[in-house]
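Structure record follows, encoded as structure tokens.
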Amino acid sequence: MRARTLLMLVGLALVGPAAPAATKGIVADVDDHLVEIRTDFAGQDILVFGAIDGPGDVILVMRGPAGRVAIHQKERFAGIWVNAESIEFDDVPSLYGVASSRPLFDILPNEILDRYQLGVGRLQFETAEEEPYGIGSFRIALVQQKRKQGLYADRVGRVTFIGETLFRANLHLPSNVPTGTFLIDVYLARDGRIVDAQNMPLVISKVGFGADLYKYANSRSVGPRFGYGIAAVLVSLLTGWLAHLAFRKR
Amino acid sequence: MLGALLDWLLSFQVYLPIAELSVSVLLLLGLGGGVGFLSGLFGVGGGFLMTPLLIFIGVPPAVAVATQSNQTVATSVSGVLAHWSRDNVDFKMGFVLLSGGVFGSLVGVALFSILRRFGQIDLVINIAYVILLGSIGLMMFAESTRALRRQRRAQRGATAPRKLHQHVWVHGLPMKMRFKKSRLYISAIMPIGIGFVVGILSALLGVGGAFLIVPAMIYLVGMPTAIVVGTSLFQIIFVAAVTTVLQSIENRTVDVLLAFVLTIGSVIGAQFGGRLGARLPGEQIRFLLALLILSVAIGLCYTLVATPDDLFSLQPLVGSR
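Chains as they are written, first to last, in this note's numbering: chain R, -19 to 230; chain D, 245 to 565.
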């Protein structure tokens, strides 16, 4: 892995400055655009590397596929805590992580960080319906819940420079990473402004035995799901029987 | 040194494809083993213990409930075989219970989807658990302490001749059947009814339901404790199997891999539990089971009443997988 990285960096160093793409302030890529989740998956680091055309700071933002999310608030009712009010948010990224070469507030002024929604605290969420009263606490709760699950983080890695122009960063994907197509935004910041940006996709998908199980269990038609259920029962019957044989009085 | 070894063992992770998270294999084996031990000892499936534990380690509740049914099949099979080898299974009674149980499970699944449409299904399940476990636990606790005290008195002398079982109105119903193994000649309506009610509740709560059948058969029908345990395990195999298939079709939340790893742990634990159970007298087993059921009920009651750490909860909606 390290040797490969080095090779790629050297390659970039050779091509980078000389190529006509020199008008571009930043070029970057991911070591591998496909992250495979197998049964031994326990989280993984992905390598992002690239080059910039002069001094500056690099910010990486990783977003998982967005979807609708409901936040429920519990209230006491006759002595028992029950889900009372709930608000639905649209287009909530399933995962959000930032990595940068320096702390964000040292790189860019607040209004630019806000505009680009850089940092977990600056994410904006749209409600599915009209904004109800007291929505603020629900927004905060959404971020808190995501942080607790390890899916939202301000520092999923560090961008480090090799010399002045080459950079690399390891972004951490937790073991409960959602599947689907991710987007990694790469920003080049200079003198308190964003001067260039690029984005690249990252596909996270289950493969192998686990993926097959998932496919059958979540099939659209009833047949495979019925088969999956029957197979599940048969496996249990067999393990139960084998266990009895193994532990029978010797 | 030992710590390093434990770290190394704990580092074996397995990614659960349906639950969609990665968990230490050793942790799952330990959970399975612990619950399996108790289920072997008491002859209960252990679902009412395992489900909350799985949710606690991060498995989504829907997956925990459905996977539990799958694992219950395996635990019950190895349990029933052990009881069978000691000739402690009344198959005739098992089939009678089953005839009510399968029907009840179908009704239970239908009821489940109706309740879900109204929302708050979790709350309904929690409250049902507290009421059920609480009342059964209290009943068993009271009865078994009385039995233990009676036994102690009997040891000091003055042994009164004991009846096989109390004759109550239940035994006077029509459709009388002879159950040789249980030494009963009673109406089949009662066991069918018990099976039916337990079938509904087990589909609704995602448990095997032995914690209901065992006391019901002992107190309402008068079956000998030793035979009740094996017989209820026998009928639970079928009810759990039906529930597993229905859950796979309806909710797609059965995680075979999770069930398999849990099963490995639990069948081993169940062997030891079963051996200990064979040596303990029935009153003591009932007393310990009562304590266990009561503590789960109190724990669940506490989560309903206590101010939660987090008033908010997050729920991904359709299309966000």
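By construction, the Cβ of each residue, glycine as well, lies at the ideal position given by its N, Cα and C atoms.
Source: prediction; values computed, not measured.
DSSP bridge partner residues for residue i (one or two, in chain order)
i: residue 118 of chain R; result: BP columns for residue 118 of chain R are empty, so no partner.
i: residue 560 of chain D; result: R:49
i: residue 205 of chain D; result: Residue 205 of chain D falls outside the range modelled here, since chain D spans only 245 to 565, and no answer is possible.
i: residue 63 of chain R; result: R:54
i: residue 111 of chain R; result: Looking at the DSSP assignment, residue 111 of chain R forms no beta bridge with any residue, so it has no partner.
i: residue 8 of chain R; result: R:30
i: residue 251 of chain D; result: None; residue 251 of chain D has no bridge partner.
i: residue 17 of chain R; result: R:186
i: residue 24 of chain R; result: R:153
i: residue 73 of chain R; result: R:46
i: residue 80 of chain R; result: R:39 and R:138
i: residue 421 of chain D; result: D:430
i: residue 494 of chain D; result: In the DSSP output, where bridge partners are listed per residue, residue 494 of chain D has none listed.
i: residue 106 of chain R; result: R:70
Alpha-carbon spacing of residue i relative to residue j, whole angstroms
i: residue 546 of chain D; j: residue 514 of chain D; result: 29 Å
i: residue 474 of chain D; j: residue 328 of chain D; result: 7 Å
i: residue 517 of chain D; j: residue 290 of chain D; result: 12 Å
i: residue 526 of chain D; j: residue 321 of chain D; result: 22 Å
i: residue 406 of chain D; j: residue 422 of chain D; result: Residue placement at residue 406 of chain D cannot be trusted, given a pLDDT of 48 that sits under 50; what the coordinates show is reported in the next sentence. Residue 406 of chain D and residue 422 of chain D: Cα-Cα distance of roughly 21 Å.
i: residue 17 of chain R; j: residue 25 of chain R; result: 13 Å
i: residue 404 of chain D; j: residue 396 of chain D; result: Bear in mind that a pLDDT of 48 at residue 404 of chain D, under 50, signals an unreliable position, so the model cannot answer this.
i: residue 552 of chain D; j: residue 212 of chain R; result: 36 Å
i: residue 529 of chain D; j: residue 484 of chain D; result: 24 Å
i: residue 101 of chain R; j: residue 52 of chain R; result: 20 Å
i: residue 481 of chain D; j: residue 378 of chain D; result: 25 Å
i: residue 201 of chain R; j: residue 469 of chain D; result: 45 Å
i: residue 439 of chain D; j: residue 336 of chain D; result: 13 Å
i: residue 204 of chain R; j: residue 37 of chain R; result: 51 Å
i: residue 389 of chain D; j: residue 524 of chain D; result: 15 Å
i: residue 94 of chain R; j: residue 103 of chain R; result: 8 Å
i: residue 258 of chain D; j: residue 22 of chain R; result: 7 Å
i: residue 458 of chain D; j: residue 497 of chain D; result: 28 Å
i: residue 149 of chain R; j: residue 27 of chain R; result: 6 Å
i: residue 45 of chain R; j: residue 256 of chain D; result: 29 Å
i: residue 435 of chain D; j: residue 463 of chain D; result: 12 Å
i: residue 6 of chain R; j: residue 195 of chain R; result: 39 Å
i: residue 298 of chain D; j: residue 98 of chain R; result: 36 Å
i: residue 1 of chain R; j: residue 178 of chain R; result: Low local confidence applies: a pLDDT of 43 at residue 1 of chain R is under 50, so the model's placement there is unreliable, with the coordinate-based value given in what follows. Their Cα atoms are separated by approximately 13 Å.
Where residue i meets chain D, residues with beta-carbon distance less than 8 Å
i: residue 200 of chain R; result: Within chain D, no residue comes near residue 200 of chain R; the closest Cβ sits about 10 Å away, beyond 8 Å.
i: residue 194 of chain R; result: 261 and 262
i: residue 191 of chain R; result: 261
i: residue 68 of chain R; result: 561
Amino acids of chain R, ordered along the chain, whose beta-carbon sits closer than 9 Å to that of residue i
i: residue 498 of chain D; result: 197, 208, 209 and 212
i: residue 556 of chain D; result: 51, 52, 53, 54, 117, 118, 120, 121, 122, 124 and 125
Rounded Cβ spacing between residue i and residue j (contact assumed at less than 8 Å)
i: residue 147 of chain R; j: residue 136 of chain R; result: Rounded, the Cβ-Cβ distance is 15 Å, inconsistent with contact.
i: residue 267 of chain D; j: residue 260 of chain D; result: 6 Å
i: residue 318 of chain D; j: residue 495 of chain D; result: Actually they are not in contact, since the Cβ atoms of residue 318 of chain D and residue 495 of chain D sit about 20 Å apart, beyond 8 Å.
i: residue 141 of chain R; j: residue 119 of chain R; result: Going by Cβ atoms, the distance from residue 141 of chain R to residue 119 of chain R rounds to 35 Å, so no, they are not a contact pair.
i: residue 182 of chain R; j: residue 164 of chain R; result: 6 Å
i: residue 356 of chain D; j: residue 447 of chain D; result: 6 Å
i: residue 279 of chain D; j: residue 510 of chain D; result: 6 Å
i: residue 168 of chain R; j: residue 79 of chain R; result: With 8 Å as the limit, residue 168 of chain R and residue 79 of chain R do not qualify as a contact, their Cβ atoms being about 14 Å apart.
i: residue 556 of chain D; j: residue 129 of chain R; result: That belief does not hold up - the Cβ atoms of residue 556 of chain D and residue 129 of chain R are roughly 13 Å apart, past 8 Å.
i: residue 443 of chain D; j: residue 349 of chain D; result: 4 Å
i: residue 122 of chain R; j: residue 558 of chain D; result: 7 Å
i: residue 334 of chain D; j: residue 431 of chain D; result: That belief does not hold up - the Cβ atoms of residue 334 of chain D and residue 431 of chain D are roughly 16 Å apart, past 8 Å.
i: residue 449 of chain D; j: residue 369 of chain D; result: 6 Å
Contacts that residue i makes with chain R (C-beta to C-beta distance below 8 Å)
i: residue 266 of chain D; result: 21, 22, 23, 155 and 156
i: residue 552 of chain D; result: 54 and 61
i: residue 257 of chain D; result: 20, 21, 22 and 155
i: residue 549 of chain D; result: 59, 60 and 61
i: residue 493 of chain D; result: 202, 205, 206 and 209
i: residue 488 of chain D; result: 209, 212, 213 and 216
beta-carbon residue i near the ligand SAM non-hydrogen atom, thresh 7 Å
i: residue 114 of chain R; result: Looking for the ligand SAM in the displayed structure turns up nothing, as the structure carries no ligands at all.
Neighbour list for residue i in chain D, Cβ cutoff strictly below 9 Å
i: residue 217 of chain R; result: 317, 318, 321, 481 and 485
i: residue 220 of chain R; result: 317, 318, 319, 320, 321, 322, 323, 324, 325, 481, 507 and 511
Chain-ordered neighbours of residue i on chain R, where CB pairs are closer than 7 Å
i: residue 560 of chain D; result: 47 and 49
i: residue 332 of chain D; result: The premise fails here: residue 332 of chain D is roughly 14 Å from chain R at the closest Cβ pair, so nothing lies under 7 Å.
Amino acids of chain A, ordered along the chain, whose beta-carbon sits closer than 7 Å to that of residue i
i: residue 227 of chain R; result: Protein chains in the displayed structure are R and D, and chain A is not among them.
In the segment 133 to 206 of chain R, which residue ranges form an unbroken beta strand (DSSP E) of at least 3 residues, counting only runs that do not cross its ends? Runs of the beta strand (DSSP E) inside the segment 133 to 206 of chain R: 146 to 153, 160 to 170 and 173 to 186.
Would you list, in sequence order, the uninterrupted alpha helix (DSSP H) runs of no fewer than 4 residues that lie entirely inside the segment 497 to 555 of chain D? The segment 497 to 555 of chain D contains these whole alpha helix (DSSP H) runs: 500 to 523 and 526 to 549.
What are the complete alpha helix (DSSP H) segments, minimum 4 residues, inside the segment 268 to 311 of chain D? Within the segment 268 to 311 of chain D, the complete alpha helix (DSSP H) runs of at least 4 residues are 269 to 286 and 291 to 300.
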